[in-house]
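The sequence shown begins at 1 in full-length UniProt numbering and counts up by one. Cβ coordinates follow ideal geometry from the N, Cα and C atoms, glycine included.
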Amino acid sequence: MAERLSGSSAEESPEPQPCTSRRRYKATNMAFEKMMEMVSILRREDYGGKKGPYTRPNMRKDKIMSSVVTAVEVKFGTKRSKEQLRKWWSDIKSREPEQYWRIKKLLKKSKYLLGEKTQTTVQGSQDPPSHQPEAEDTPSPSPRPRPPNELEEVCELSTPPSEVLVVEGQAAEPFSTDSAQRLIGQIMLWNGQIDRMCDQIESMKMRLDTCNRK
């Protein structure tokens, strides 16, 4: 009897079906700095084709996305597929417009800062030399003949250690668009953490007020 019940239950139980759902990649799973790098390249290369039309647009988009994959791997050490990056790009534009607006604003600000520095450097290199009266060439006195037995004094000049200025922690890397984007991205992350802490403090205050009223 037990064998019949076990056999019937085995026949009635359906076989497990393989899961066919595909994994969805969300833009929120991507680091803010990587999003900035991706948006910067895609906007610079006109991935959307607003400045077109272009010949072979699909092939052109594929090449641009390949350059984004290479840039993210070289800069951050993580390799992402083209499918992931396309999904993130679509999510940022359609589902996260506020985040996309913040990234565009930061990129515009970093580009403005870099342009100001470049303009200052060019102006400094184009400044005309100051017209100073040239000093008249005066003949240098010829050295007097020295007897063979006379010794010449040698004076050594040295700078005391107290007069040497040492700047510690100075960055050897010049200011560039990449360093500005990394710095701005870190600042935005810190601001978000501070906002969350302030919200938690406010909620705790409200709870304490409610407890005191009871």
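Roughly how many angstroms separate the alpha carbons of residue i and residue j, rounded to a whole number?
i	j	result
Asp195	Met38	26 Å
Gln199	Gly192	Looking at the sequence itself, residue 199 is Asp, so the reference to Gln does not match. Spanning the two alpha carbons is a distance of roughly 11 Å.
Thr210	Gln181	44 Å
Thr55	Lys61	11 Å
Met59	Lys51	16 Å
Gly49	Ile64	12 Å
Ala27	Leu208	Its pLDDT being 49, under 50, Ala27 is placed unreliably by the model, and nothing is read from it.
Asn212	Lys109	47 Å
Glu202	Pro57	51 Å
Ser94	Ser176	30 Å
Met197	Trp101	24 Å
Relative to the C-alpha of residue i, which residue among the options is closest?
i	options	result
Lys111	Met36, Ser203, Gln200 and Asn191	Met36
Leu74	Asp178, Cys211 and Ile201	The sequence shown places Val at residue 74, not Leu. Of the listed residues, the one whose Cα sits closest to Val74 is Asp178.
Gln99	Thr210, Lys50, Met188 and Asn58	Met188
Phe76	Phe32, Pro57, Lys82 and Thr55	Phe32
Gln186	Tyr54, Gly48, Ile103 and Lys51	Ile103
Ser90	Pro53, Tyr47, Lys63 and Met59	Tyr47
Ile92	Lys108, Met206, Lys63 and Arg43	Arg43
If I measure Cβ to Cβ from residue i and keep anything under 6 Å in the same chain, skipping five residues before and after, which residues do I get?
i	result
Leu106	Ile184
Val68	Met38, Ile41 and Leu85
Closer than 8 Å by C-beta to residue i: which residues in its own chain qualify, once you throw out the five before and the five after it? Chain order, please.
i	result
Val72	Lys34, Glu37, Met38, Thr78, Lys79, Arg80 and Leu85
Ser66	Lys82
Lys205	none
Trp190	none
Note down, in chain order, each residue of its chain lying with its Cβ closer than 7 Å to the Cβ of residue i, except the 5 sequence neighbours on either side.
i	result
Thr70	none
Ser162	Model confidence at Ser162 stands at a pLDDT of 46, short of 50, so the residue's coordinates are unreliable; what they give is reported in the following sentence. For Ser162, where only same-chain residues beyond five positions count, there are no Cβ hits under 7 Å.
Lys45	Checking the sequence, you will find Glu at residue 45 rather than Lys. Closer than 7 Å at the Cβ level, and outside the excluded window around Glu45, lie Ile64.
For chain B, check one thing: does any of its Cβ atoms lie closer than 9 Å to the Cβ of residue i?
i	result
Gly52	Chain labels in this structure do not include chain B; a single protein chain is all it has.
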